[in-house]
Amino acid sequence: MFIVLNRSKLFFYFIIFVTLLALVFGIVYTLQKKGDLHLCSEYARDLQPQNPPMVGDDVEELQIQLKRMGYYHGEIDGVYQGEIVQVVKNIQRELGLNIDGIVNTQFYEAIYLGDTYTKTVPKDPPKGELKIVVDLDKRLLTLLNDGEEYATFPITIGKPNSPSPVGDFKIVDKSLMPGNNAFGTRWMRLSAPWGGYGIHGTNNPGAIGHAQSGGCIRLFNKDVEKLYSWVPVGTPVSIYSNRWPPTFRAEYKRRMMGQDVVYVQRAMREFGFCQELGDGRFNEEMENEVKEFQKYLGLPPTGIVDENILYLLRLR
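Using the UniProt record's numbering, the first residue of the sequence shown is number 1, and each one after it goes up by one.
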């Protein structure tokens, strides 16, 4: 059976499609502008001299690393041209590499002189209840086994303009060999509702211990391979930091989400509320917790966190 559509119907459906498409892009753009949606971008391309020059976070990361090593003294502008290209060629000449100005995984490995794994980590897998705790300030990831520290790994965290998420999440997906080799050899996606964050490996071992990622948590490839083999999907992950607190909105109510919601949840936790929350979602459960908190304070149980509540939570 064939359905024949005249021009007016085709035009009608086309308008609906375009409207829905514009609505989706509008929502994504709005969330990004508000800082509520973040896509953890990790490049997996070779940098090479060209005209026009290559531009991006991966170029900025290269500039940061070579400046830290004392090779590069120019501006951190994310543009692969001029001095940064010449610095790469000088390093290639110094290391006996092909002097072509191309930066790839082999280049990063050649300029890194440290260990590519953590020697103090146990060889045997843990057998108890597992939880991952990430301290962004110390740049360490710790695996807890039945509440006790079992293994600790150094990590790369997000840059100030693309910080790693703070909150209480879970591993919701695992990939053995990510298609994008910027993620190294393993990828574990986190349940942060405002972006595509994850724990993964790296093609740049020299960045471990520094704030250079697009927001994800990076480990040495050998470290993430071990962690990946130990932790299943569903493993809780708590991420903490005392730096870069978010900008708080005037009020919070159901259906809101974001990094700032995590801070509200954790502040309420100090008063004995929101014990099971910290994921950045203002859902029905959090609304009920807010109502109970308001009753505790002798306030009308509206379920809305306003300026007065934020002040009492010491977030203002």
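Glycine is no exception: its CB is placed at the ideal position from the N, C-alpha and C atoms.
Distance between P53 and Q63, taken at the CA atoms: about 14 Å.
A check of alpha carbon separations from G101 across D57, D46, N308 and K253 identifies D46 as the nearest. Just so you know, the alpha carbons of L190 and D77 end up roughly 30 Å apart. Beyond the five residues adjoining it in sequence on each side, L312 comes within less than 8 Å, by CB distance, of L297 in the same chain, given in chain order.
Between M257 and W194, the beta carbon gap of about 6 Å places them in contact (Cβ cut-off 8 Å).
Inter-residue distance for K119 and M286 is about 42 Å (C-alpha atoms, whole angstroms). The DSSP-derived three-state label of D124 is coil. One alpha carbon belongs to I111, the other to K295, and they sit about 60 Å apart.
Counting along the chain, E148 sits inside the beta strand (DSSP E) bounded by residues E148 to P154. By the neighbour-count criterion, in which 16 or more other beta carbons inside 10 Å mark a residue as buried, D173 falls on the exposed side.
With 16 or more other CB atoms across the displayed protein chains lying within 10 angstroms of its CB, T235 is buried.
Following the DSSP letters along the chain, one finds W230 inside the alpha helix (DSSP H) bounded by residues N221 to W230. Under the three-state reduction of DSSP output, K159 falls in the coil class, being neither helix nor strand. For N221, the closest of G214, A211, Q212 and G206 by C-alpha to C-alpha distance is G206. The residue from V59, V55 and V88 with its alpha-carbon nearest to that of G70 is V88.
If you check the CB distance, L310 and F248 come in under 8 Å. Taking a contact as a CB-CB distance under 8 Å, the pair Q212 and K138 does not count as one, their CB atoms being some 16 Å apart. In this structure, the alpha-carbon of I208 lies about 6 Å from that of P154. In this structure H200 is in contact with V224, their Cβ atoms being roughly 6 Å apart against a cut-off of 8 Å. In the DSSP assignment, V166 falls outside any alpha helix (DSSP H), carrying neither H nor E.
In this structure, DSSP gives I239 an extended state, which the three-state scheme calls strand. Per the DSSP secondary-structure output, A192 pairs with nothing in a beta bridge. When rounded, the separation of the alpha-carbon atoms in Q106 and P125 is 31 Å.
In the three-state scheme derived from DSSP, where H, G and I count as helix and E and B as strand, Y252 is classed as strand. Residues E289, E292 and F293 of the same chain have their beta carbon placed closer than 7 Å to that of F273, with the five preceding and five following residues left out of the count. Looking from the CA of K123, the closest CA among R281, N90 and T152 belongs to T152.
In this structure, S241 and V133 do not form a Cβ contact; the two beta carbons are roughly 12 Å apart against a cut-off of 8 Å. By the beta-carbon neighbour count (other beta carbons within 10 angstroms, threshold 16), S229 is exposed.
DSSP places T105 in the uninterrupted alpha helix (DSSP H) bounded by T105 to I111. For I132, no alpha helix (DSSP H) run applies; the uninterrupted beta strand (DSSP E) run containing it begins and ends at L130 to D135, by DSSP.
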